[in-house]
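Chains as they are written, first to last, in the numbering used here: chain A, 28 to 253; chain B, 675 to 1412.
Backbone N, C-alpha and C fix where the C-beta goes; we use that ideal spot for every residue, glycine too.
What follows is the structure in structure tokens.
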């Protein structure tokens, strides 16, 4: 029963994710980007934030072609729980495990802020235990979720829009970064077992860090894998 | 560059080439005496770099030793890559602040980014994992034509490097003044946690041990960076652009992880960052510290470009590179770790016992210079000093301020860039990566970081302070005040101040008035740090911050580090008490608020804080916050109690009512006393005022989001919307930049 934390060169939330899994009572192990298999006994996977391979191409694009990502895809296809946070979300989109893509923030600046979020769906293990509103920190330069309008409609219809930013512009985009339909996170996979989100639940899952709104995501990984 | 560029590596130089490299006649003569002959071009390059102001501290060394650097907790004082202080349980906090002023003025994004990169390497070469970054920035006047681009570029550069590297940038201090129109200040600070039994130093010992070059490849960037930082600007600074290095935070992150993996093995003897003067300073310093020599084969140095001369390789300041010395027989351990992280790792030489730095290229010896004498006999100047001859006058603006009212004063204060909300800058920095940030500098006088995985709830705190405005008036008293303010900021988060890193930004040391200011600043710092028992364990000096004969204000930046358990509670509720530590300030001389009433025409006096009062208030604030009797607290800052009330109001969802002795600008603007303004929960306020008789209740937290100042008869109210002018002050400055 191990939560695997994928480690690319340039991942910088890998240690935080390992720590938080252990803080909620789970066990975690790193999976190196050049590995071809997840650690033995892996029951859930986190693709953490950071700047994988320096993000010199499109964010997450190079990471999606690494050996470990083939193993992550197989794991997800078999119904395994996969959570992509920030750069990890970008990577899951590049892998086509999740629909859409993340583009540069409309403001053109990196933004680090505590944001209010609304849960838009209760589909799957990540969302069923979440409260309807929560507060989590974001820290990204490319968090603007984009996709074609008909695909966004389909996402909404299938309950795949997981989280939205509460503060919106007049045309319904996120005031924070311009995300279409203010999307902060989506779920995918046949059992909604794959989730990607721009906010960082691992940074707000312990009382010492000022709040625990991120904890359900981590517990879902630990419990769901049990 | 004409004379030097005509010479090949091994050509013997002449006095014209030496002068071009930055050596005076006397220094050139001294170099020849040490060598016993005339140096060739490579040797000249090494000597001129090592003897540059930046590397040798030749104008400042005689004065720097006056700073107190010892204390029971000090593990590593000045002289290494960074200082270390014992924080108990086998752990140390390792930190340093350093300037990157000149490169940031020439190319703000890359200059500031590489400043962050350099200070991170200084900390992690010691064996520490960086857990916090901070910075102190000074720009020209907000309306100066160069300020928007410089401000925007510097903030983006700092953010880019720290965000990508993955260390939280949790504290910033920004101010603007005409004195920095031609020379901005970019002072970067890094703090890491190191196991006390896992500290590494920059030493090349053990004859026969292999010397490795690790990290990025060497290019032609940054050549002469150290000598550039040792000279004044003229108006053609644009021409200097090629000497600014380019940073790669992704590679630095790999370098960090590889180095930390190496530290955990028993393979390493010593390690040194290739910072200013690159391969030259790292090899000479490592050899001289160990009292031995090194033999380096420059053909093995990984290069980005073909055909680099030995001179270029020795002086390149390409970023993200390290020199490390391994134990003989452990070469493969080192190679395997760096291969895993896909970094160059090449054995470029070995440690010798002849005391010489010997460089070889193309099978030919290109330099042979004794390491120790070059360090020991580096030039040292006690430069002439002459106090500035301006008499202190009464400040005529005091009367203008007194004629104003509270509404007018606070309304003028809000949009002032120097006391504005830090949100615009801090939101561009990842302040939470590492999951250690308990409180950042957005609404707190200091940032607080958890020491993750340490016993109990051990936490460290940090702040950076500069009172360049006061140092411009009286360097010694200004420096004293700088330390006192930093000290109180740490106390205000309930921590004990345990150490200091200083970055001394000054003008041209060959100008006796500037030199005098430098000496007086050191005196002020020495007195304050001695009185308050906070040793100075690391730092740097940046001189020649001068353009066309105009020097910056003398600016000692003080980075203060504290130790405590956890952070202030931060949570407040309506009905909680607003409390004042100490008596209401009274005298307006030297107050920041006077600037709202016209330009300073003469030097005017400002009131010194009594040492005993700083100690007493500091202790009371520390104890009260640590005991949970105060949830949020601001010590005296530029802008007075008025600003402190605004800072508190800005950080909470509710409102504040502050009862002032008299509804006039005076008590809200004066800065003559080291007081604190805080919020005490209803349940603890009685115990607080009983235990600390100097604490008085001066108001309460309101349900509605308003800031209200009242006296017995009248009131002045500000709405939350009024904060917008303060919130947008910095964004407005860069609004036109693209």
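Three-state class that DSSP yields for residue i in the structure shown
i, result
"residue 754 of chain B", "strand"
"residue 1072 of chain B", "helix"
"residue 830 of chain B", "helix"
"residue 715 of chain B", "helix"
"residue 1255 of chain B", "strand"
"residue 969 of chain B", "strand"
"residue 61 of chain A", "coil"
"residue 1262 of chain B", "coil"
"residue 784 of chain B", "helix"
"residue 1358 of chain B", "helix"
"residue 108 of chain A", "strand"
"residue 1368 of chain B", "coil"
"residue 865 of chain B", "strand"
"residue 725 of chain B", "coil"
"residue 960 of chain B", "helix"
Residues near residue i in its chain [Cβ-Cβ closer than 7 Å; skip 5 each side]
i, result
"residue 756 of chain B", "768, 769, 770, 796, 797, 800 and 1212"
"residue 92 of chain A", "none"
Close-in-space but distant-in-sequence residues of the same chain around residue i (CB under 8 Å, 5 per side omitted)
i, result
"residue 1387 of chain B", "1337"
"residue 174 of chain A", "126, 127, 128, 182 and 207"
"residue 1051 of chain B", "704 and 708"
"residue 31 of chain A", "55, 56, 57, 58, 65, 66, 69, 71, 72 and 73"
"residue 1204 of chain B", "742"
"residue 977 of chain B", "891, 892, 893 and 987"
Check whether residue i and residue j have beta carbons under 8 Å apart
i, j, result
"residue 215 of chain A", "residue 172 of chain A", "no"
"residue 227 of chain A", "residue 40 of chain A", "yes"
"residue 857 of chain B", "residue 783 of chain B", "no"
"residue 880 of chain B", "residue 969 of chain B", "no"
"residue 118 of chain A", "residue 74 of chain A", "yes"
"residue 1309 of chain B", "residue 1350 of chain B", "yes"
"residue 1230 of chain B", "residue 1145 of chain B", "yes"
"residue 1018 of chain B", "residue 866 of chain B", "no"
"residue 702 of chain B", "residue 692 of chain B", "yes"
"residue 1173 of chain B", "residue 1296 of chain B", "no"
"residue 960 of chain B", "residue 872 of chain B", "no"
"residue 999 of chain B", "residue 883 of chain B", "yes"
"residue 43 of chain A", "residue 1108 of chain B", "yes"
"residue 712 of chain B", "residue 686 of chain B", "yes"
"residue 1226 of chain B", "residue 854 of chain B", "yes"
"residue 158 of chain A", "residue 146 of chain A", "yes"
"residue 1300 of chain B", "residue 1364 of chain B", "no"
"residue 1157 of chain B", "residue 1202 of chain B", "yes"
"residue 1392 of chain B", "residue 1332 of chain B", "no"
"residue 694 of chain B", "residue 678 of chain B", "yes"
"residue 1408 of chain B", "residue 804 of chain B", "no"
Length of the line joining the Cα atoms of residue i and residue j
i, j, result
"residue 245 of chain A", "residue 199 of chain A", "29 Å"
"residue 967 of chain B", "residue 1280 of chain B", "53 Å"
"residue 102 of chain A", "residue 212 of chain A", "20 Å"
"residue 184 of chain A", "residue 191 of chain A", "15 Å"
"residue 1022 of chain B", "residue 1176 of chain B", "35 Å"
"residue 1036 of chain B", "residue 973 of chain B", "7 Å"
"residue 1193 of chain B", "residue 1181 of chain B", "12 Å"
"residue 792 of chain B", "residue 1358 of chain B", "45 Å"
"residue 831 of chain B", "residue 77 of chain A", "17 Å"
6 Å CB neighbourhood of residue i in its chain, flanking five on each side removed
i, result
"residue 962 of chain B", "1045, 1046 and 1049"
"residue 176 of chain A", "none"
"residue 983 of chain B", "683"
"residue 810 of chain B", "847, 861, 1138, 1140 and 1231"
"residue 98 of chain A", "64 and 65"
Closer than 8 Å to chain D by CB, residue i
i, result
"residue 1107 of chain B", "The structure shown contains no chain D; its protein chains are A and B."
Open item on the list: Just to confirm the assignment: which complete beta strand (DSSP E) runs, minimum length 3, are found wholly within the segment 1158 to 1232 of chain B?
Closed with: If we require 3 residues or more, the beta strand (DSSP E) runs fully inside the segment 1158 to 1232 of chain B come out as 1170 to 1179 and 1210 to 1216.
Task: Secondary structure, beta strand (DSSP E): runs of 3+ residues fully inside the segment 1082 to 1154 of chain B - done: Fully enclosed beta strand (DSSP E) runs of 3 or longer: 1111 to 1113, 1121 to 1124 and 1132 to 1139.
Open item on the list: Give the list of continuous alpha helix (DSSP H) stretches no shorter than 4 residues that lie fully inside the segment 111 to 177 of chain A.
Closed with: If we require 4 residues or more, the alpha helix (DSSP H) runs fully inside the segment 111 to 177 of chain A come out as 114 to 121.
Task: Continuous alpha helix (DSSP H) assignments of at least 4 residues falling wholly in the segment 971 to 1019 of chain B - done: Segments of the alpha helix (DSSP H) lying fully in the segment 971 to 1019 of chain B: 984 to 989 and 1005 to 1014.
TODO: Return the chain-ordered ranges of every beta strand (DSSP E) run that is complete within the segment 1020 to 1072 of chain B and spans a minimum of 3 residues.
DONE: Listed in chain order, they are 1030 to 1035 and 1038 to 1044.
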